[in-house]
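**Student:** Just so we're aligned: the sequence shown equals residues 1 to 292 in the numbering used here.
Think of the CB as a built atom: it goes at the ideal place given N, C-alpha and C, for glycine as much as any other residue.
Encoded as C-alpha cells, here's the structure I'll be asking about.
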Amino acid sequence: MTMRNSPLITAAALDAASGTESLWSGAGRRRSTLRVLDVRWKLGGPPGAGEFAKGHIPGAVYVDLDTELAGHGAPTDGRHPLPDIDAFQASARRWGVNAGDSVVVYDDVSGTSAARLWWLLRHAGFADVRVLDGGLAAWVAFGGGLDTGSSVMVPGTVQLAYGSLPTLDADAAAALPANGVLLDARAGERFRGEVEPIDPRAGHIPGAVSAPTADTIGPDGRMLSPEQLAARFAELGVTAGTPAGVYCGSGVTAAHAALAMEAAGLPMPALYPGSFSAWSNDPARPVAVGAA
Numbered sequence: 001m002t003m004r005n006s007p008l009i010t011a012a013a014l015d016a017a018s019g020t021e022s023l024w025s026g027a028g029r030r031r032s033t034l035r036v037l038d039v040r041w042k043l044g045g046p047p048g049a050g051e052f053a054k055g056h057i058p059g060a061v062y063v064d065l066d067t068e069l070a071g072h073g074a075p076t077d078g079r080h081p082l083p084d085i086d087a088f089q090a091s092a093r094r095w096g097v098n099a100g101d102s103v104v105v106y107d108d109v110s111g112t113s114a115a116r117l118w119w120l121l122r123h124a125g126f127a128d129v130r131v132l133d134g135g136l137a138a139w140v141a142f143g144g145g146l147d148t149g150s151s152v153m154v155p156g157t158v159q160l161a162y163g164s165l166p167t168l169d170a171d172a173a174a175a176l177p178a179n180g181v182l183l184d185a186r187a188g189e190r191f192r193g194e195v196e197p198i199d200p201r202a203g204h205i206p207g208a209v210s211a212p213t214a215d216t217i218g219p220d221g222r223m224l225s226p227e228q229l230a231a232r233f234a235e236l237g238v239t240a241g242t243p244a245g246v247y248c249g250s251g252v253t254a255a256h257a258a259l260a261m262e263a264a265g266l267p268m269p270a271l272y273p274g275s276f277s278a279w280s281n282d283p284a285r286p287v288a289v290g291a292a
C-alpha cells in the first residue's frame with residue numbers, strides 16, 4: 001500500500017486504507033504497513049501524552065514533539081532545532097516504521113504540529129507520509145472510533161538521512177528576499193512586532209512577508225482547496241517559479257506552511273529550522289517591525 005501525490009489524506013481515505021478490523025491483531029500488533037502517528041502538541045500545553053491517553057485513532061503511536069522531533073542547543077539554534085539524525089531514526093524505529101511503509105500523521109490543531117513530523121520524515125528521505133486533513137476532529141466527525149489503549153509495536157528498521165528537502169540558515173534567510181519571497185508563518189501581530197510572548201525581540205526578519213499559516217485553514221479545520229491555496233500564495237508573491245522560503249517562531253508552524261504550499265501544487269519551499277527564535281537571539285541580526 002502506498003499513498004502518494006497529495007501530502008494530505010482525508011479521514012474517509014484513512015479509514016478505507018486501514019480497514020481497522022483487519023489492520024490490527026489482538027495485542028495491538030500491526031499486520032499492515034500503515035503507520036499512524038499522533039503528534040498532539042500545543043505551545044504551552046497541555047502535554048500531548050495526556051490527550052493521547054484520553055483517546056486516539058486506533059493503533060496510533062504517540063510522538064512527543066519536544067523530545068523526539070526537536071533537539072537541544074544554544075539559544076541561537078532556536079527553540080526547536082532539528083533532532084540529531086541518529087536520535088530521530090531511533091525514534092522512528094520505536095514507532096515501528098520500516099522502509100516501504102505508509103505513514104499518516106495527525107494532531108488536534110489542524111495539522112500545525114503534525115506537519116513537523118511530515119516535514120522531518122520527508123527531509124530524512126521518507127517519501128510516503130501524509131497529514132490527516134482536519135486532524136482528530138475530522139476523524140471523529142467522520143465517525144471514526146477512538147482507543148485509549150497502547151499499541152505494542154514491533155521495532156522498525158527504517159534508515160533515515162537528512163538532506164532531501166531544501167533548508168535555510170540565517171544568512172540564506174537574510175539574503176532570500178532580494179531575489180525571492182521569505183514567508184513568515186506566525187500570526188500577523190507577532191510579525192508586526194505588536195506582541196511577542198516567547199522570543200527575546202519582537203518583529204520579523206527584514207524583507208519577510210507576513211503569511212499566517214492559519215489563513216490556509218478553513219472554518220472546518222481542514223486545509224483550503226488547492227485552488228484557494230494557490231491563489232493565496234500568488235497574492236503573497238509566490239508562484240511555481242518563485243524562490244521561496246518559510247519560517248515561524250521555532251520551525252514547527254513553518255512546516256505547515258510548507259505543507260500548504262505542496263498541497264497547492266507549488267514546489268517545496270526552503271525551511272529555516274531555527275526560525276525567529278534563533279534569529280532574535282542573535283544580537284547581530286536586525287529585526288524589522290510593522291506591516292511592510
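Just how far apart, CA to CA, sit P75 and P197?
**Tutor:** If you take the alpha carbons of P75 and P197, they lie about 16 Å apart.
**Student:** Quick check: the stretch 236-245 against the stretch 153-165, are at least 3 beta-carbon pairs closer than 8 Å?
**Tutor:** Counting Cβ pairs under 8 Å, fewer than three are found: no touch.
**Student:** Which of helix, strand or coil does DSSP assign to S22?
**Tutor:** Confidence at S22 is low in this model, with a pLDDT of 34, below 50, so the placement of that residue should be treated as unreliable; the coordinate-derived value is given next. S22 falls in the helix class under three-state DSSP.
**Student:** What's the C-alpha gap between P7 and D199?
**Tutor:** Between P7 and D199, the C-alpha separation is close to 31 Å.
**Student:** Hey, how far is the Cα of R190 from the Cα of D101?
**Tutor:** The alpha-carbon atoms of R190 and D101 are separated by roughly 39 Å.
**Student:** Comparing alpha-carbon positions, which option in T157, G111, D147 lies nearest A138?
**Tutor:** A138 has its Cα closest to that of G111, out of T157, G111, D147.
**Student:** Does the beta-carbon of T253 have 16 or more other beta-carbons within 10 angstroms, so that it is buried, or is it exposed?
**Tutor:** By the 10 Å Cβ count, T253 comes out buried.
**Student:** For R31, is the classification buried or exposed, using 16 other Cβ atoms within 10 angstroms of its Cβ as the cut-off for buried?
**Tutor:** Bear in mind that a pLDDT of 45 at R31, under 50, signals an unreliable position, so the number given afterwards is only what the model happens to contain. With fewer than 16 Cβ atoms within 10 Å of its Cβ, R31 is classed as exposed.
**Student:** Which value, in whole angstroms, describes the spacing of the CA atoms of L266 and L165?
**Tutor:** Approximately 14 Å between the Cα atoms of the pair.
**Student:** Return yes when the Cβ of V104 is within less than 8 Å of the Cβ of I217, no when it is not.
**Tutor:** Cβ atoms of I217 and V104: not closer than 8 Å.
**Student:** Under a three-way DSSP split, which group does R30 fall into?
**Tutor:** At R30, the pLDDT of 43 sits below 50, so the modelled position is not reliable and the matter cannot be decided from this model.
**Student:** Under a three-way DSSP split, which group does I85 fall into?
**Tutor:** DSSP places I85 in helix when its eight states are reduced to three.
**Student:** Does DSSP classify H204 as helix, strand or coil?
**Tutor:** Strand, per DSSP.
**Student:** For the ligand FMN, I want to know if P75 counts as a neighbour, meaning its beta carbon is within less than 7 Å of at least one of the ligand's heavy atoms.
**Tutor:** Of ligands this structure carries none, so the ligand FMN is not represented either.
**Student:** If we require 4 or more residues per run, which alpha helix (DSSP H) segments fall completely within the stretch 48-83?
**Tutor:** DSSP runs (the alpha helix (DSSP H)) wholly in the stretch 48-83: 48-54, 65-68.
**Student:** Label D108 either buried or exposed according to how many other C-beta atoms from any shown protein chain fall within 10 Å of its C-beta, with 16 as the threshold for buried.
**Tutor:** Its Cβ being crowded by 16 or more others within 10 Å, D108 is buried.
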